[in-house]
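Take a look at the structure below.
Protein chains in written order, with our numbering: chain A, 121 to 231; chain P, 121 to 236.
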């Protein structure tokens, strides 16, 4: 069956450290993978997109990698801040007009 | 400011009643989507529409209906046939080409529906 798994439901890290979130998938062949941020009671906000032929993408303190052999994407936040605390969702595009979402990882950055 | 507006933010209904959730966008996006979010589960697609007067079922369309009479609007009706309607509902839109072109989704801030 098709599955998208994000490594842990919750992740706590110290301010200033690098947070690494994992997204693993099975039985998909995604052309794109996206990462979103969701704050409590709000809709997700798009952060980054990476294509299947790209290994890495960066945007300010964010970095995403995409390994189609391992079927895995890693999402890094460097120099993390308490304001980075949120739930992060990975989503992959596979097939026509469908974006499949993982369950998310709730990140807490401790001051 | 461009964006997606969902209303109301909280909605309470008695079992057996139909209820309509509003979604309006002023981003001039062609594609619009409805997702449902439940604790411990990823967002699940209910319906999507790529153009006016056309829409397609998603993975969990049973018990729901939609209309797309205007580009800006994509209301969702939760009918009494939906077995477990209490959830957080999210509306989204994207540029032409939709999700399979990699276009990111722009989400509203959701409507939390409680049915008792």
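Yeah, the Cβ is synthetic: ideal placement off N, Cα and C, and Gly gets one too.
At 3 residues or longer, and completely inside the segment 168-206 of chain P: list those beta strand (DSSP E) runs for me, N to C. Unbroken beta strand (DSSP E) stretches of 3 residues or longer found wholly inside the segment 168-206 of chain P: 174-177, 184-186, 196-198, given in chain order.
- Task: Give the residues of chain P in contact with residue 169 (chain A), contact being defined as C-beta atoms less than 7 angstroms apart.
- Result: In chain order: 222, 224.
Strictly below 9 angstroms CB to CB, what residues from chain A border residue 227 (chain P)? Neighbours of residue 227 (chain P) in chain A, taken as residues whose beta carbon is under 9 angstroms from its own, are 156, 158, 162, 163, 164, 165, 166 in chain order.
- prompt: So what does DSSP say about residue 199 (chain A), is it helix, strand or coil?
  reply: Of the three classes helix, strand and coil, the one that applies to residue 199 (chain A) here is coil, per DSSP.
- Closer than 7 angstroms by C-beta to residue 171 (chain P): which residues in its own chain qualify, once you throw out the five before and the five after it? Chain order, please. The answer, listed in chain order, is 150.
In the DSSP assignment, the beta strand (DSSP E) including residue 209 (chain A) goes from what residue to what residue?
From DSSP, the beta strand (DSSP E) with residue 209 (chain A) extends over 206-213.
* Asked: Can you tell me the Cα-Cα spacing of residue 250 (chain A) and residue 231 (chain A), whole angstroms?
  -> Any question about residue 250 (chain A) goes unanswered here, given that chain A covers just 121 to 231.
Point to revise | Any C-beta of chain P under 7 angstroms from that of residue 223 (chain A) | key: It does; some Cβ of chain P falls within 7 angstroms.
Measuring CB to CB, does residue 206 (chain P) end up less than 7 angstroms from residue 235 (chain P)?
-> Taking 7 angstroms as the Cβ cut-off, residue 206 (chain P) and residue 235 (chain P) qualify as a contacting pair.
| request: Classify residue 125 (chain P) as buried or exposed, calling it buried when 16 or more other Cβ atoms lie within 10 Å of its own Cβ. | output: It is exposed - the Cβ of residue 125 (chain P) has fewer than 16 other Cβ atoms within 10 Å.
*Apart from the five residues on each side of it in sequence, which residues of its chain come closer than 8 angstroms, Cβ to Cβ, to residue 138 (chain A)?*
Around residue 138 (chain A): 196, 197, 198, 199, 200.
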